[in-house]
Amino acid sequence: ATHCLPETTTPEIRGRPRQLHPSEVMTILIAFHQSNYRTFKHFYNKHVCVYWCAEFPHLVSYSRFVQLKKEVLMLLTLYLHAQIVECSGISFVDSTRLRVCDNKRISSHRVFAEHAGRSKTSMGWFYGFKLHLIINERGDLLGFQVSSGNTDDRQPLWELSPDSLFGPLYGDKGYISKDLRTFLKEQGINLCYKVRKNMKPLELSVSDEVLLKKRSIIESVIKALKTQTVLEHSRHRSFANFQVNLISALIAYQLLESKPSANILELQGSNDLPVLF
8 ATHCLPETTT PEIRGRPRQL HPSEVMTILI AFHQSNYRTF KHFYNKHVCV YWCAEFPHLV
68 SYSRFVQLKK EVLMLLTLYL HAQIVECSGI SFVDSTRLRV CDNKRISSHR VFAEHAGRSK
128 TSMGWFYGFK LHLIINERGD LLGFQVSSGN TDDRQPLWEL SPDSLFGPLY GDKGYISKDL
188 RTFLKEQGIN LCYKVRKNMK PLELSVSDEV LLKKRSIIES VIKALKTQTV LEHSRHRSFA
248 NFQVNLISAL IAYQLLESKP SANILELQGS NDLPVLF
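Written out as structure tokens, the structure is:
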């Protein structure tokens, strides 16, 4: 048709062009968890906008940056998965609570009404989510999953990919399940845990008994996550912002040069660990 408009090579973009690149947004989000600031607003306004102007010459206002955070959620998730290390044959599993509000405000909380759940741990009742973690003996993340607070700790293990883990997996008494242990055994994963006093002991090798006592390494990892990053706070205004903060915190932890670890070579040197996996 002679009266048709010519096709454009690029689609028309409405509004102001983007000034801050997604990689810059991601860098600032991760750097927040590596800083000593406890609130992102103070970190952005009093540190980034004051001291990092040369590194980020196209900084935007804080309110605009909050909008940009949601746009990099997928990129942050992909980057975190790229940082996940391969299983070495020794793994530890545990979960931790992520509270989203004070217990007194549960009935009036609306932000996570469709996602969060109420549950009880050894620390008492809480309302929020559970972060399920699997790490290796060096404290590196092998896998993670977020669920509502009332999810059974064993549930994520039923969904493990057969190619993600192998060898022994050490957990606490919250993972006691004969059916789950049989299921994981078929996947090449040997779930090890301490049984209750009225239960028949598991048949464990000497190595498994030694490494099961080192299960506290994952508790140290969780402590590092909650003290060295701002993994948990109650100021979220949307589920997307909660996800961005969580993924950024996990990336910041994974990039740490020094992590809690179980010194396997030292255990072998003292003859406490006779078998190397």
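Residues in the sequence shown are numbered from 8 upward in steps of one, following our numbering.
The beta-carbon is built from N, C-alpha and C at its ideal position, and this holds for glycine as well.
Next on the checklist: What does DSSP give as the partner residue(s) for Q162 in the beta ladder?
Outcome noted: Q162 is not bridged to any residue.
Checklist entry - What first and last residue would you give for the alpha helix (DSSP H) that runs through P29? => result DSSP places P29 in the uninterrupted alpha helix (DSSP H) bounded by 29-40.
Checklist entry - Can we say the segment 52-65 touches the segment 104-115, given the rule of at least three CB pairs closer than 8 angstroms? => result no
Checklist entry - Leaving out the 5 sequence neighbours to the left and right, which residues in its chain are closer than 7 angstroms to Q41 when beta-carbon positions are compared? => result A259
Item to check | Where G156 sits in the DSSP three-state scheme | outcome: Three-state result, G156: coil.
Checklist entry - According to DSSP, which residues form a beta bridge with S126? => result F133
Checklist entry - Where does T103 sit, in a helix, a strand or coil, going by DSSP? => result DSSP, reduced to helix, strand and coil, places T103 within a strand of the structure shown.
Next on the checklist: So, for H122: in the same chain, excluding its five sequence neighbours on each side, which residues have a beta-carbon less than 7 angstroms away from its beta-carbon?
Outcome noted: Around H122: S155, F246.
Checklist entry - What distance in whole Å lies between the Cβ atoms of P163 and Q152, which are believed to be in contact at a cut-off of 8 angstroms? => result Correct: roughly 5 angstroms between the Cβ atoms.
Checklist entry - Rounded C-beta distance between I254 and L148? I'm assuming under 8 angstroms. => result No, I254 and L148 are not in contact; Cβ-Cβ is about 12 angstroms, not under 8 angstroms.
Checklist entry - According to the neighbour-count rule (16 or more other Cβ atoms, all chains shown, within 10 Å of its Cβ), is E144 buried or exposed? => result buried
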